[in-house]
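Data first, discussion second: the structure below is written as C-alpha coordinates.
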Amino acid sequence: MNKKTHVDSKKKDILQAAMCLFATKGIDGISVKEIAEAAGVTDAAIYKHFKSKDAMALEVFGQYCNSYTTLIDFYRKQSGSFLSRFHQLVDEVLNMHDEDQYGLLLLSQHHELYVEASQSQNVRQPLEALTEFIEQGIQQGELPKQDAQLSGVLVIGAITRLSVSSLEGELPQRLVPLAAEIKQRLTALLSKGQ
(Lines of atoms letter the chains of each structure in order from A and count residues from 1; the text may use other names and numbers.)
(Lines give C-alpha, C1' and ligand atoms only; values in the text may rest on other atoms or scores of the structure.)
Protein backbone atom coordinates (compact mmCIF):
# COMPACT_ATOMS: atom_id res chain seq x y z
CA MET A 1 0.00 0.00 0.00
CA ASN A 2 2.82 2.41 0.83
CA LYS A 3 4.38 1.68 -2.56
CA LYS A 4 1.17 2.79 -4.35
CA THR A 5 1.21 6.11 -2.48
CA HIS A 6 4.83 6.61 -3.55
CA VAL A 7 4.00 5.77 -7.18
CA ASP A 8 0.97 8.08 -7.12
CA SER A 9 3.02 10.92 -5.63
CA LYS A 10 5.68 10.50 -8.35
CA LYS A 11 2.99 10.65 -11.03
CA LYS A 12 1.58 13.77 -9.40
CA ASP A 13 5.08 15.34 -9.31
CA ILE A 14 5.57 14.47 -12.98
CA LEU A 15 2.20 15.96 -13.96
CA GLN A 16 2.89 19.12 -11.95
CA ALA A 17 6.30 19.60 -13.55
CA ALA A 18 4.92 18.86 -17.01
CA MET A 19 2.05 21.29 -16.54
CA CYS A 20 4.39 24.14 -15.58
CA LEU A 21 6.70 23.43 -18.51
CA PHE A 22 3.90 22.90 -21.05
CA ALA A 23 2.23 26.14 -19.91
CA THR A 24 5.38 28.25 -20.12
CA LYS A 25 7.32 26.65 -22.99
CA GLY A 26 4.69 24.72 -24.94
CA ILE A 27 4.61 21.01 -25.66
CA ASP A 28 7.11 21.19 -28.50
CA GLY A 29 9.47 23.44 -26.51
CA ILE A 30 10.44 20.84 -23.91
CA SER A 31 11.74 17.31 -23.76
CA VAL A 32 10.91 14.33 -21.57
CA LYS A 33 14.36 14.76 -20.02
CA GLU A 34 13.52 18.33 -18.96
CA ILE A 35 10.23 17.17 -17.43
CA ALA A 36 12.06 14.40 -15.58
CA GLU A 37 14.63 16.85 -14.22
CA ALA A 38 11.93 19.29 -13.09
CA ALA A 39 10.01 16.45 -11.39
CA GLY A 40 13.12 14.99 -9.78
CA VAL A 41 12.71 11.61 -11.46
CA THR A 42 14.40 9.62 -14.23
CA ASP A 43 13.20 9.41 -17.82
CA ALA A 44 12.33 5.77 -17.10
CA ALA A 45 9.99 6.86 -14.28
CA ILE A 46 8.10 9.03 -16.72
CA TYR A 47 7.70 6.19 -19.21
CA LYS A 48 6.46 4.01 -16.37
CA HIS A 49 3.43 6.32 -16.09
CA PHE A 50 3.02 7.62 -19.66
CA LYS A 51 3.50 6.13 -23.13
CA SER A 52 4.77 9.42 -24.52
CA LYS A 53 5.14 13.14 -23.93
CA ASP A 54 1.94 13.66 -25.93
CA ALA A 55 0.05 11.22 -23.67
CA MET A 56 1.29 13.18 -20.65
CA ALA A 57 0.25 16.48 -22.25
CA LEU A 58 -3.22 15.10 -22.96
CA GLU A 59 -3.68 13.99 -19.36
CA VAL A 60 -2.56 17.36 -18.01
CA PHE A 61 -4.77 19.24 -20.46
CA GLY A 62 -7.73 16.96 -19.72
CA GLN A 63 -7.42 17.51 -15.97
CA TYR A 64 -7.36 21.30 -16.26
CA CYS A 65 -9.99 21.45 -18.95
CA ASN A 66 -12.31 19.29 -16.86
CA SER A 67 -11.70 21.24 -13.65
CA TYR A 68 -12.62 24.59 -15.23
CA THR A 69 -15.58 23.16 -17.14
CA THR A 70 -16.88 21.49 -13.96
CA LEU A 71 -16.48 24.75 -12.03
CA ILE A 72 -18.43 26.77 -14.61
CA ASP A 73 -21.17 24.13 -14.73
CA PHE A 74 -21.39 24.17 -10.93
CA TYR A 75 -22.15 27.90 -10.85
CA ARG A 76 -24.51 27.66 -13.84
CA LYS A 77 -26.61 25.12 -11.90
CA GLN A 78 -26.76 27.11 -8.66
CA SER A 79 -29.71 29.28 -7.69
CA GLY A 80 -29.49 33.05 -7.45
CA SER A 81 -28.96 35.85 -9.91
CA PHE A 82 -26.69 35.40 -12.89
CA LEU A 83 -24.38 38.22 -11.78
CA SER A 84 -24.04 36.86 -8.26
CA ARG A 85 -23.12 33.41 -9.58
CA PHE A 86 -20.84 34.88 -12.26
CA HIS A 87 -19.00 36.93 -9.62
CA GLN A 88 -18.58 33.83 -7.45
CA LEU A 89 -17.19 32.00 -10.49
CA VAL A 90 -14.68 34.78 -11.20
CA ASP A 91 -13.62 34.79 -7.53
CA GLU A 92 -13.07 31.03 -7.67
CA VAL A 93 -11.09 31.22 -10.93
CA LEU A 94 -8.87 33.96 -9.48
CA ASN A 95 -8.31 31.87 -6.34
CA MET A 96 -7.40 28.88 -8.51
CA HIS A 97 -4.96 31.07 -10.44
CA ASP A 98 -3.29 32.33 -7.28
CA GLU A 99 -2.87 28.76 -6.04
CA ASP A 100 -1.65 27.43 -9.42
CA GLN A 101 -1.03 30.08 -12.06
CA TYR A 102 -0.03 27.62 -14.77
CA GLY A 103 -3.44 25.98 -15.26
CA LEU A 104 -4.97 28.98 -17.02
CA LEU A 105 -1.84 29.40 -19.13
CA LEU A 106 -2.09 25.80 -20.25
CA LEU A 107 -5.74 26.18 -21.26
CA SER A 108 -4.94 29.26 -23.30
CA GLN A 109 -2.64 27.29 -25.59
CA HIS A 110 -3.93 26.00 -28.88
CA HIS A 111 -1.56 23.17 -29.61
CA GLU A 112 -2.97 20.84 -32.27
CA LEU A 113 -2.81 17.99 -29.77
CA TYR A 114 -5.31 19.77 -27.50
CA VAL A 115 -7.55 20.71 -30.42
CA GLU A 116 -7.52 17.13 -31.67
CA ALA A 117 -8.25 15.75 -28.19
CA SER A 118 -11.14 18.16 -27.74
CA GLN A 119 -12.71 17.04 -31.00
CA SER A 120 -11.93 13.32 -31.02
CA GLN A 121 -12.55 12.59 -27.34
CA ASN A 122 -15.63 14.80 -27.14
CA VAL A 123 -14.09 16.74 -24.26
CA ARG A 124 -16.42 19.48 -23.09
CA GLN A 125 -14.53 22.76 -23.14
CA PRO A 126 -14.76 25.62 -20.63
CA LEU A 127 -15.95 27.86 -23.51
CA GLU A 128 -18.95 25.60 -24.14
CA ALA A 129 -19.86 25.67 -20.44
CA LEU A 130 -19.43 29.45 -20.19
CA THR A 131 -21.49 30.00 -23.35
CA GLU A 132 -24.34 28.00 -21.78
CA PHE A 133 -24.00 29.99 -18.56
CA ILE A 134 -24.19 33.32 -20.44
CA GLU A 135 -27.15 32.05 -22.49
CA GLN A 136 -28.90 31.26 -19.22
CA GLY A 137 -28.39 34.86 -18.09
CA ILE A 138 -29.84 36.11 -21.38
CA GLN A 139 -32.85 33.77 -21.20
CA GLN A 140 -33.57 34.84 -17.63
CA GLY A 141 -33.54 38.49 -18.74
CA GLU A 142 -30.55 39.41 -16.58
CA LEU A 143 -28.26 40.03 -19.55
CA PRO A 144 -29.12 41.85 -22.77
CA LYS A 145 -29.32 39.93 -26.03
CA GLN A 146 -25.82 39.13 -27.31
CA ASP A 147 -23.75 36.46 -29.01
CA ALA A 148 -23.12 34.30 -25.93
CA GLN A 149 -20.22 32.45 -27.53
CA LEU A 150 -18.46 35.68 -28.50
CA SER A 151 -18.99 36.99 -24.97
CA GLY A 152 -17.59 33.72 -23.58
CA VAL A 153 -14.51 34.03 -25.79
CA LEU A 154 -13.98 37.61 -24.60
CA VAL A 155 -14.32 36.65 -20.91
CA ILE A 156 -12.00 33.65 -21.22
CA GLY A 157 -9.55 35.69 -23.28
CA ALA A 158 -9.49 38.42 -20.64
CA ILE A 159 -8.95 35.96 -17.80
CA THR A 160 -6.21 33.99 -19.56
CA ARG A 161 -4.50 37.26 -20.51
CA LEU A 162 -4.59 38.29 -16.84
CA SER A 163 -2.71 35.07 -16.10
CA VAL A 164 -0.12 35.73 -18.80
CA SER A 165 0.37 39.32 -17.60
CA SER A 166 0.73 38.09 -14.03
CA LEU A 167 3.41 35.59 -15.04
CA GLU A 168 5.26 38.20 -17.11
CA GLY A 169 5.26 40.71 -14.22
CA GLU A 170 2.92 43.22 -15.89
CA LEU A 171 0.40 42.54 -13.11
CA PRO A 172 0.92 41.30 -9.56
CA GLN A 173 1.54 37.59 -9.13
CA ARG A 174 -1.64 37.30 -7.07
CA LEU A 175 -4.82 38.37 -8.89
CA VAL A 176 -7.30 38.01 -6.00
CA PRO A 177 -6.57 41.57 -4.75
CA LEU A 178 -7.78 42.82 -8.16
CA ALA A 179 -11.01 40.78 -8.01
CA ALA A 180 -13.43 43.69 -7.48
CA GLU A 181 -12.16 45.61 -10.50
CA ILE A 182 -11.92 42.47 -12.66
CA LYS A 183 -15.53 41.54 -11.84
CA GLN A 184 -16.68 45.10 -12.53
CA ARG A 185 -15.06 45.18 -15.96
CA LEU A 186 -16.19 41.68 -16.97
CA THR A 187 -19.72 42.50 -15.83
CA ALA A 188 -19.66 45.67 -17.94
CA LEU A 189 -18.61 43.57 -20.94
CA LEU A 190 -21.56 41.20 -20.48
CA SER A 191 -24.06 43.92 -19.57
CA LYS A 192 -23.56 45.97 -22.73
CA GLY A 193 -24.97 43.32 -25.09
CA GLN A 194 -25.72 44.27 -28.67
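Quick note on our numbering: the sequence shown kicks off at 629 and runs consecutively.
Using N, Cα and C, we set each Cβ at its ideal position, and we do this for glycine too.
For clarity, every value in this text was computed on a predicted model and none was experimentally measured.
Residue i (DSSP reduced to helix, strand or coil)
i           : result
residue 803 : coil
residue 771 : coil
residue 729 : coil
residue 697 : helix
residue 797 : coil
residue 718 : helix
Whole-angstrom distance between residue j and residue i, CA atom to CA atom
i           : j           : result
residue 805 : residue 696 : 21 Å
residue 686 : residue 817 : 32 Å
residue 637 : residue 771 : 45 Å
residue 670 : residue 721 : 34 Å
residue 626 : residue 774 : Because the chain spans 629 through 822 in this model, residue 626 falls outside it and cannot be assessed.
residue 630 : residue 639 : Bear in mind that the predicted position of residue 630 carries a pLDDT of just 48, short of 50, making it unreliable; the figure below should be weighed with that in mind. Answer to the nearest angstrom: the Cα atoms are 14 Å apart.
residue 680 : residue 760 : 35 Å
residue 661 : residue 764 : 46 Å
residue 656 : residue 776 : 33 Å
C-beta neighbour in chain C for residue i, strict 8 Å
i           : result
residue 645 : The question asks about chain C, but that chain is absent: this structure has only one protein chain.
Whole-number beta carbon distance between residue j and residue i, since they are thought to touch under 8 Å
i           : j           : result
residue 659 : residue 732 : Contact flag wrong, Cβ pair sits at about 24 Å.
residue 848 : residue 815 : Within the shown structure, residues of the chain are numbered from 629 to 822, placing residue 848 beyond reach of any answer.
residue 651 : residue 734 : 4 Å
Checklist entry - Is there contact here, the stretch 801 to 808 with the stretch 714 to 729, by at least three beta-carbon pairs under 8 Å? => result Counting Cβ pairs under 8 Å, three or more are found: they touch.
Next on the checklist: When you compare the stretch 701 to 709 with the stretch 771 to 789, are there three or more beta-carbon pairs, one atom per stretch, that lie closer than 8 Å?
Outcome noted: Not touching, per the Cβ criterion.
Item to check | Segment contact flag, the stretch 666 to 675 with the stretch 641 to 654, C-beta cutoff 8 Å, min 3 pairs | outcome: Segments in contact, yes.
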